[in-house]
Amino acid sequence: MSQTQQLPVIAGYNDNNDPVVEQVSAIAVEGHPDQFRLEKSPVFVRGLASGDLIRYPADNTGGYELLEHSGNLSIRVFSKHNIAELDQALTPDIELIDGTRDVCSPGVLIYSVHVSIGFKKIEEVITAVLKRFPESVWYYGNVYDPEDGQTPLNWWQDLASSV
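So the sequence shown is numbered by the working numbering: it starts at 3 and just counts up by one.
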């Protein structure tokens, strides 16, 4: 069994045009030294979620190439509240819809939930809890085009048509 590796992936660029790098947790795919399956959804790298298959390194601005979506949605929750309280309130509800908490750090929670649960259900669960935490916001990490943040990527439609 392969060991977890930390891959330095470019999450974006700061005002000085220096790369902002996030260490992404992944497991090498046996027989493919440049392919990795993500163990967790990243905090800042957009377009990826746990279980996704990537080629690393790749000669592009992010340093990786997405080869296959796992079907998981990356959900990023940012908060000025006590993250432990938010974690206690939100994580059990995410787990009830078969989601997992990937990251719990000061100010941020990252979850992975399979797209088959449905966007509406996921949004209802998150919105209901965050009403009690008004200084918190959430975003999908791999639903919208990283360039404009608005255009749906629609990768989930490929999954739905293959079933």
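Ideal placement from N, C-alpha and C gives every residue a C-beta, glycine not left out.
Closest in alpha carbon position to Leu155, among Glu41, Gln90 and Asp147, is Asp147.
The three-state reading of DSSP puts Pro21 in strand, counting E and B together.
Taking the CA atoms as reference points, Ser107 sits about 10 Å from Ser81. Taking one beta carbon from each stretch, the segment 126 to 133 and the segment 38 to 54 have fewer than 3 pairs nearer than 8 Å; the two do not touch. By the Cβ rule, the segment 65 to 75 counts as touching the segment 113 to 123, because three or more pairs are nearer than 8 Å. Just measuring C-alpha positions, the residue of Thr6, Gln25, Ser4 and Gln5 sitting nearest Ala13 is Gln25. If you ignore the 5 residues before and after Tyr113, its C-beta comes within less than 6 Å of the C-beta of Ile77, Ile96, Gly101 and Arg103, all in its own chain and listed in chain order. Within the segment 75 to 135, the complete alpha helix (DSSP H) segments of 4 residues or longer fall at 85 to 98 and 121 to 132, listed in chain order. It is roughly 12 Å from the alpha-carbon of Glu67 to the alpha-carbon of Val47.
The beta carbon of Ser138 sits closer than 8 Å to those of Val79, Phe80, Ser81, Lys82, His83, Leu88 and Leu132, all from its chain and outside the five residues before and after it, given in chain order. In the DSSP assignment, Ala162 falls within the unbroken alpha helix (DSSP H) covering Trp157 to Ser163.
Note on Asp20: under 16 other CB atoms within 10 angstroms of its CB, so exposed under the neighbour-count rule. With 16 or more other Cβ atoms from the protein chains shown falling within 10 Å of its own Cβ, Ala51 counts as buried.
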